[in-house]
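Visitor:
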Amino acid sequence: MVDGGTSGSKTKPLLGTDEATIDSKGRILVSKKKRERLGETFAMAVGEVGCLTAYPEDKWERIVAELDQYDPSNPGRQQYTRLVLGTAEDELKFDQQGRVVVPSKLRELVGLKDEVLLVGCGDRLEIWDPKEFKDYQDYPDTYGQKRREAIEKARAKMVTR
């Protein structure tokens, strides 16, 4: 992803790993601490390695603002935004029970079924299928390599133009 930076942010980092389930309506119960750190509204997209990534609203706005610095006709920007923004949903909120509905298209894109892991990564929360997370941990340099390379290539094309 584009580095949106964290300077000036008052948000505490998202930390730790929790197990959770997805109910029949596509909802995940998120711990109170993670909910507070994600904020009232947040965005979710497919991340660089292929898991879901949830961003606090301020971080997401910085990512989008950085993309807006590049000419919309820039082919690298076009590729990058298709790969990143094309999978995104924003203005997501938790219900009163602390659950969030993960849009079905996002669940399908990353293969989420019943069980998930919620992995705090400082400025973002990653949502993984447990088997996929194990595969990532076993092979971090090659897991999701095609997606990573496509994003890196688009980013390089965007910034060098």
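By our numbering, the letter at position 10 of the sequence shown is numbered 10, and the numbering carries on one by one without gaps.
By construction, the Cβ of each residue, glycine as well, lies at the ideal position given by its N, Cα and C atoms.
Keep in mind the model is a prediction, meaning the values are calculated, not measured.
Taking the C-alpha atoms as reference points, what is the distance between R148 and E48?
Guide: The sequence position of residue 148 within the sequence shown is 148, counting from 1. The sequence position of residue 48 within the sequence shown is 48, counting from 1. Using only the alpha carbons, I get a separation of about 5 Å.
Visitor: Kindly give me the distance between the Cβ atoms of R124 and K59, rounded to whole angstroms, as I take these residues to be in contact under 8 Å.
Guide: The residue given as residue 124 occupies position 124 in the sequence shown. The residue given as residue 59 occupies position 59 in the sequence shown. Rounded, the Cβ-Cβ distance is 7 Å, consistent with contact.
Visitor: What separation, rounded to the nearest whole angstrom, lies between the Cα atoms of Q137 and K32?
Guide: Counted from its first residue, the sequence shown places residue 137 at position 137. Counted from its first residue, the sequence shown places residue 32 at position 32. Spanning the two alpha carbons is a distance of roughly 26 Å.
Visitor: Along the chain, which unbroken stretches of the alpha helix (DSSP H) at least 4 residues long are found entirely within the stretch 130-159?
Guide: Counting whole runs of 4 or more residues, the stretch 130-159 contains the alpha helix (DSSP H) stretches 130-138 and 145-159.
Visitor: How would you label T160, buried or exposed, when you count the other beta carbons within 10 angstroms and need 16 or more for buried?
Guide: On the sequence shown, residue 160 is found 160 positions in, with the first residue counted as 1. Taking all protein chains shown into account, T160 has fewer than 16 neighbouring C-beta atoms within 10 Å of its C-beta and is therefore exposed.
Visitor: Of the choices A150, G120 and A65, whose alpha-carbon is the least far from that of R37?
Guide: Counting from one through the sequence shown, the residue named residue 37 turns up at place 37. When each option's Cα is compared against that of R37, the closest is G120.
Visitor: Under a Cβ-count criterion, where at least 16 other Cβ atoms within 10 Å of its own Cβ denotes burial, should D129 be classed as buried or exposed?
Guide: Within the sequence shown, numbered from 1, the residue matching residue 129 stands at position 129. So D129 ends up on the buried side.
Visitor: Return the CA-CA distance between L112 and Q69, expressed in angstroms with no decimal places.
Guide: Residue 112 sits at position 112 when you count from the first residue of the sequence shown. Residue 69 sits at position 69 when you count from the first residue of the sequence shown. If you take the alpha carbons of L112 and Q69, they lie about 34 Å apart.
Visitor: Can you tell me whether A65 is helix, strand or coil according to DSSP?
Guide: Position 65 of the sequence shown, counting from 1, holds the residue named residue 65. If DSSP states are grouped into helix, strand and coil, A65 belongs with the helices.
Visitor: Apart from the five residues on each side of it in sequence, which residues of its chain come closer than 6 Å, Cβ to Cβ, to D95?
Guide: Your numbering for residue 95 matches position 95 in the sequence shown. So no residue of the chain qualifies.
Visitor: Taking only the alpha-carbon atoms, compute the straight-line gap between E66 and G50 and give it to the nearest angstrom.
Guide: Residue 66 sits at position 66 when you count from the first residue of the sequence shown. Residue 50 sits at position 50 when you count from the first residue of the sequence shown. Rounded to whole angstroms, E66 to G50 spans 22 Å at the Cα level.
Visitor: Taking the runs of the beta strand (DSSP E) that are 3 residues or longer, which of them lie wholly in the stretch 67-105?
Guide: 89-92 and 99-101
Visitor: Could you tell me the distance, in whole angstroms, from the CA atom of K153 to the CA atom of E89?
Guide: Here residue 153 corresponds to residue number 153 of the sequence shown, with the count starting at 1. Here residue 89 corresponds to residue number 89 of the sequence shown, with the count starting at 1. Using only the alpha carbons, I get a separation of about 23 Å.
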